[in-house]
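In order, the protein sequence lines correspond to chains G and A.
Going by this note's numbering, the first sequence opens with residue 1, and the numbers climb by one from there.
Going by this note's numbering, the second sequence opens with residue 1, and the numbers climb by one from there.
Quick reminder that beta carbons are idealized off the backbone N, C-alpha and C, glycines included.
Number of protein chains: 2
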Amino acid sequence: MNPAGLESLIEALRCLPGVGPKSAQRMAYHLLQRDRVGARRLGDAIQHALICLRHCRRCNTFAEDEICERCSSSRRDASLLCVVETPVDLNMMEQTHAYQGLYYVLMGRISPLDGIGPRELGLERLLERASDGVVREVILATNFTNEGEATAHYITAMLKARGVAVSRIARGVPVGGELEYVDSGTLAQALRERRGRNED
Amino acid sequence: MNPAGLESLIEALRCLPGVGPKSAQRMAYHLLQRDRVGARRLGDAIQHALICLRHCRRCNTFAEDEICERCSSSRRDASLLCVVETPVDLNMMEQTHAYQGLYYVLMGRISPLDGIGPRELGLERLLERASDGVVREVILATNFTNEGEATAHYITAMLKARGVAVSRIARGVPVGGELEYVDSGTLAQALRERRGRNED
Chain G
1 MNPAGLESLI
11 EALRCLPGVG
21 PKSAQRMAYH
31 LLQRDRVGAR
41 RLGDAIQHAL
51 ICLRHCRRCN
61 TFAEDEICER
71 CSSSRRDASL
81 LCVVETPVDL
91 NMMEQTHAYQ
101 GLYYVLMGRI
111 SPLDGIGPRE
121 LGLERLLERA
131 SDGVVREVIL
141 ATNFTNEGEA
151 TAHYITAMLK
161 ARGVAVSRIA
171 RGVPVGGELE
181 YVDSGTLAQA
191 LRERRGRNED
Chain A
1 MNPAGLESLI
11 EALRCLPGVG
21 PKSAQRMAYH
31 LLQRDRVGAR
41 RLGDAIQHAL
51 ICLRHCRRCN
61 TFAEDEICER
71 CSSSRRDASL
81 LCVVETPVDL
91 NMMEQTHAYQ
101 GLYYVLMGRI
111 SPLDGIGPRE
121 LGLERLLERA
131 SDGVVREVIL
141 ATNFTNEGEA
151 TAHYITAMLK
161 ARGVAVSRIA
171 RGVPVGGELE
181 YVDSGTLAQA
191 LRERRGRNED
């Protein structure tokens, strides 16, 4: 019903996550009618990203070089390795300005329902990275969802078997949080994982 | 914080309607990590659409030729001209299989808040199209939103001044609709615009 070039564009837009047939149509019309400059830029950015971006050989995040800037930096503490699920999570960690170590980005999580197991996730690469002799502690910062927790459990077992020290970021009441508004699961966990004041 | 090529891609994705910084990031990672084939196809489809698609000189919708297939067809009733806001609306009309006339696609609506007036919408082109001597009736099928109604009012005044017959598609209770679940505005309108049974 639409000209072929338009149909292909609508169909191609559907590869974006969360974009169904109606959104794809709206996006296509928007690009062609209201923002041809943006459309051209998007087309170019996709082509360019596909050519120039690869995975850092050390931390597995997206990088333009073989080893990313962060992994090549001498200002980071190479004895700490923080494991996150995605580059977004890595950015969130960086924004805390509370961590000076290095990262390993899983680019996913163990999710049997989606057919993603330890092998699909390439966990042997993490094992290799963590056993380089320099890393003293692996900090697991996967999400506290079912999949994130399962991933953390699996990695813990795998690394402990090799004698690598593993820790998990803390669960508890958020900073500034009021008990009245915290869900009871979180509160129960905060109670269970309470810290003696002498530790501070 | 991200490599430059990735930042450009995230930034470029934000030109899509309804895509904010978080979605753009998620989309970029999805394209690069999970669907590079889809990404390549999307990049190509955008470039191709920008080159091959233009506006039909008669109906203003997207077309690959100067005059679209529908407008060139001898099987359509050229005495009827249906005015719609977008190509999506045109497709909706076609799906009814109840209309055999031609179309004019506004590619928008009068919307003073967005700075779109009659001139920005190019209504003089519609006037020219409707005064070709063949068109007997212009059927307004803009949306029943405030902007769509305003657009219909403006076009009615404009065309009537030139002596062109204008009609508006009917408002009322949807087919299969139960009065109990119809909003009172629609019901009031259905009452006001009731038709004598002798018209049927």
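Roughly how many whole angstroms lie between the Cα atoms of residue i and residue j?
i       : j       : result
S184(A) : P17(G)  : 38 Å
G5(A)   : V164(A) : 55 Å
K160(A) : Y29(G)  : 31 Å
P87(G)  : F62(G)  : 8 Å
A49(A)  : M107(A) : 17 Å
L187(G) : I51(G)  : 47 Å
L123(A) : G196(A) : 35 Å
N146(A) : G176(A) : 25 Å
G117(G) : L113(A) : 52 Å
D132(A) : C15(A)  : 38 Å
R119(A) : I155(A) : 12 Å
K65(G)  : C71(G)  : Looking at the sequence itself, residue 65(G) is Asp, so the reference to Lys does not match. C-alpha separation (whole angstroms): 11 Å.
M27(G)  : I10(G)  : 8 Å
F142(G) : A130(G) : The question names Phe, yet the displayed sequence has Thr at residue 142(G). Taking the straight line from one Cα to the other gives about 16 Å.
R75(A)  : A24(G)  : 31 Å
H97(A)  : G148(G) : 51 Å
S167(A) : A157(A) : 12 Å
L121(G) : C68(A)  : 49 Å
V84(G)  : L140(G) : 7 Å
G20(A)  : A190(A) : 40 Å
S73(G)  : N91(G)  : 17 Å
V43(G)  : E180(G) : According to the sequence as given, residue 43(G) is Gly; it is not Val. Going from the Cα of G43(G) to the Cα of E180(G) covers about 49 Å.
R34(G)  : Q100(A) : 29 Å
V182(G) : G115(G) : 33 Å
E178(G) : K22(A)  : 27 Å
A45(G)  : A45(A)  : 13 Å
Closest to residue i by C-alpha separation, out of the options, would be which residue?
i       : options                          : result
A170(G) : R162(G), G163(G), A152(G)        : A152(G)
Q47(A)  : L32(G), Y154(G), V19(G)          : L32(G)
E193(A) : G177(A), E180(A), V173(A)        : V173(A)
R41(G)  : G38(A), S8(A), E69(A)            : S8(A)
R162(A) : S73(A), D35(A), E128(A), A98(A)  : E128(A)
G38(A)  : K22(G), L13(G), S23(G)           : L13(G)
E94(G)  : N2(A), Q189(A), D89(A)           : N2(A)
S111(G) : A150(G), M92(G), V84(G), R125(G) : A150(G)
R54(G)  : D44(A), L53(A), R36(A)           : R36(A)
R109(G) : L126(G), Q100(G), Y99(G)         : L126(G)
F144(A) : A45(A), K22(A), D89(A)           : D89(A)
Give me the DSSP bridge partner(s) of residue i.
i       : result
L126(A) : Partner(s): none; L126(A) has no beta bridge.
L81(A)  : L102(A), V138(A)
F62(G)  : H55(G)
S72(G)  : None; S72(G) has no bridge partner.
S167(G) : I139(G)
S111(A) : I116(A)
According to a CB-to-CB cut-off of less than 9 Å, which residues of the segment 72-90 of chain A neighbour chain G? Cβ contacts with chain G come from T86, P87, V88, L90.
Would the segment 125-143 of chain A count as touching the segment 74-82 of chain A if we require 3 or more Cβ pairs under 8 Å? Taking 8 Å as the limit for Cβ pairs, the verdict is that the segment 74-82 of chain A does touch the segment 125-143 of chain A.
Members of the segment 20-31 of chain A that neighbour chain G once the beta carbon cut-off is set at 9 Å: Within the segment 20-31 of chain A, the residues whose Cβ lies closer than 9 Å to some Cβ of chain G are K22, S23, Q25, R26, M27, A28, Y29, H30, L31, listed in chain order.
Contact between the segment 93-111 of chain G and the segment 53-67 of chain G: three or more CB pairs below 8 Å? Between the segment 93-111 of chain G and the segment 53-67 of chain G there are three or more inter-stretch CB-CB distances shorter than 8 Å, so the stretches are counted as touching.
Give me the subset of the segment 110-143 of chain A whose CB atoms are less than 9 Å from a CB atom of chain G, sorted by chain position. Going along the segment 110-143 of chain A in chain order, one finds no residue with a Cβ nearer than 9 Å to chain G.
Taking only beta carbons into account, state which residues of the segment 35-56 of chain A come closer than 7 Å to chain G, listed in chain order. For the segment 35-56 of chain A, which is checked against every Cβ of chain G, the residues closer than 7 Å are D35, R36, G38, A39, R40, R41, L42, G43, A45, I46, Q47, H48, A49, L50, C52, L53.
Quick one: which residues of the segment 156-188 of chain A get their C-beta closer than 8 Å to a C-beta of chain G? List them in chain order. Of all residues in the segment 156-188 of chain A, none has a Cβ within less than 8 Å of some Cβ in chain G.
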